[in-house]
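Here UniProt numbering is used: position 100 in the sequence shown is 100, and no number is missing along the way.
Take a look at the structure set out below.
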Amino acid sequence: MADVIRVPNAKIALSTASVYPERTPDAFELAARLGYDGVEIMVGADPVSQDIDVIERLSDHYEVPVLAIHAPCLLVTQRVWGRDPWAKLVRAQKAAERLGASAVVVHPPFRWQRDYAREFEVGLARMRDETDVIFAVENMFPLRARGNDVVPYSPDWNPTDYDFPHVTLDLSHTAVSGSDAMDMATKLGDRLAHLHLADGMGVTNKDEHLVPGRGNQPCAPMLERLARNGYDGLVVLEINTRKAASRSERIDDLAEALAFARLYLAAST
């Protein structure tokens, strides 16, 4: 077997969402088979993703560490782990602490979550004082309806200009929002603590999560910049493989995505 290129600082994780419609246990199996450094658990409808006892056993069995927890913040996961958004974050924090994960990924509040949105920045600051786990707020995107942009998030879909010490930069989301990902990374500086690596074309309002290199986002330059700057956060492959014609095609996509990340992280070193 050929030697695997590894970069000392950044670890590369597989989001469990990347194997859908397969399930969380399959993500552990494929992460182990392909040589990912670990997984990010997308807490969602899959009951296994919600059960930390089972997750711990999977991690031990496959010898694949859990490196991050993605809290259930999506519209389709509003009832996962209860309906109280703060309780969800506390539960994600406890899960991360137990599993040894360094980060919890969280989305900005929805506008209709008024109390949560009002206390979001202050509440996250309070939680940071209680744990070593970081809460990395993810950039989202406006929705387009009848030619107008509708922002369902508060204070905004873009966390760059707000006082969040840690941010997740998602390159599929920058495609949808028409943002300059490299400029966002520059503005964030050391606050960029987590990267969701995926691609997108940005020609529709669809969040594509393509394999890196198949869209028009600066996936390679971003990785090279992070490596040059000694980035020590996580690079998480969060790609969409649900249209794969077979399991072997899904595995090929996951392997290609990992090879891309390893190549361009190593290029600058």
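Even glycine gets a Cβ: it sits at the ideal position worked out from N, Cα and C.
Remember, it's a predicted structure, so these values are computed and weren't measured experimentally.
Residue ranges of uninterrupted alpha helix (DSSP H) with 4 or more members, entirely inside the segment 114-197 and ordered along the chain, are 114-118, 120-128, 171-177, 181-188. Val105: member of the beta strand (DSSP E) spanning 103-106, first to last residue.
Shown here, Ser15 sits in a strand according to DSSP, grouped into three states.
The DSSP-derived three-state label of Ala92 is helix. The beta carbon of Phe260 sits closer than 6 Å to the beta carbons of Pro212, Gly213 from its chain, once the five residues preceding and following it are set aside; these are given in chain order.
The Cβ atoms of Ala92 and Val104 sit closer than 8 Å to each other. Assignment of Ile69 by DSSP, reduced to helix, strand and coil, places it in the strand class. The closest CA to that of Gly123, considering only Asp46, Lys88, Leu197, is found on Lys88. Looking at the backbone, the Cα of Arg126 and that of Met184 are separated by about 26 Å.
Separation of the CB atoms of Val176 and Asn216 is rounded to 12 Å, and the pair is thereby denied contact status at 8 Å.
Counting only the Cα atoms, Lys94 lies some 17 Å from Val48. Cβ contact annotation for Gln50 (same chain, cutoff 7 Å, sequence separation greater than five): Val43, Val80, Trp81, in chain order.
When C-alpha distances from Pro65 are compared across Leu30, Glu130, Arg111, Asp207, the shortest belongs to Leu30. Pairing Glu256 with Gln78, the inter-Cα distance amounts to about 33 Å. Burial state of Lys11 is buried, judged by a 10 Å Cβ sphere holding 16 or more other Cβ atoms. Taking the CA atoms as reference points, Gly202 sits about 10 Å from Leu171. Take the alpha-carbon of Gly230 and the one of Ala266: they are about 11 Å apart. Taking C-beta separations shorter than 6 Å and ignoring five residues to either side along the sequence, the partners of Phe141 in its chain run Trp157, His173, Val176, Ser177, following chain order. Assignment of beta-bridge partners to Glu40 by DSSP yields Ser15, Ala68.
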